[in-house]
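Each residue of the sequence shown is one higher than the one before, starting from 11 at the first, in the numbering used here.
Note that CB positions come from ideal geometry on N, CA and C, so glycine has one too.
Note that the coordinates shown come from a computational prediction; the quantities given were computed from them, not determined experimentally.
Step one of this worksheet: look at the structure below.
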Amino acid sequence: MPANERDISLTIIYKGESYPIQTYLNEYGSLMTLISDHLAIPGFGLCCGMGSCGTCLVTINNKYASASRYVMACDMQINDELSNTQITISDQRY
Ligand code: FES
């Protein structure tokens with residue numbers, strides 16, 4: 011299988027800016043670590059993935075589905091489900 015078939019493309023939206031990201035299965039332990047590796051967001055992921063702070067809440071929009079869903083980024087694996095999605099990070103921390 012060519013390497014690019016394993017690629018996962020997604021776009022992070024933060025403060026009105028779009029950040030296209032190319033990753034692959036298991037490059038990161040979670041969506042939270044991917045986001046933290048690419049963007050310095052004050053107050054994001056305060057409990058480092060322990061699931062107790064809620065500061066990693068993001069909105070996922072899939073271009074093939076009209077509904078948005080809210081997830082804790084630290085509880086979201088990087089897999090094909092995230093391909094071609096937009097991940098919106100609120101600029102309001104809790
Ligand atoms: S990093 Fe704290 S709940 Fe996800």
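Item	Value
In chain order, each beta strand (DSSP E) run of at least 3 residues that lies wholly inside the segment 55-86	67-72, 78-82
Terminal residues of the alpha helix (DSSP H) in which serine 46 lies	41-48
Classification of lysine 25 by the beta-carbon crowding that lies within 10 angstroms, buried from 16 upward	exposed
Threonine 43 Cβ short of 7 Å to the ligand FES heavy atom set	no
Own chain, CB closer than 7 Å to leucine 49, minus 5 neighbours either side, in chain order	Ile22, Tyr24, Tyr29
Opposing strand residues paired with leucine 20 [DSSP bridges]	Ile31, Thr95
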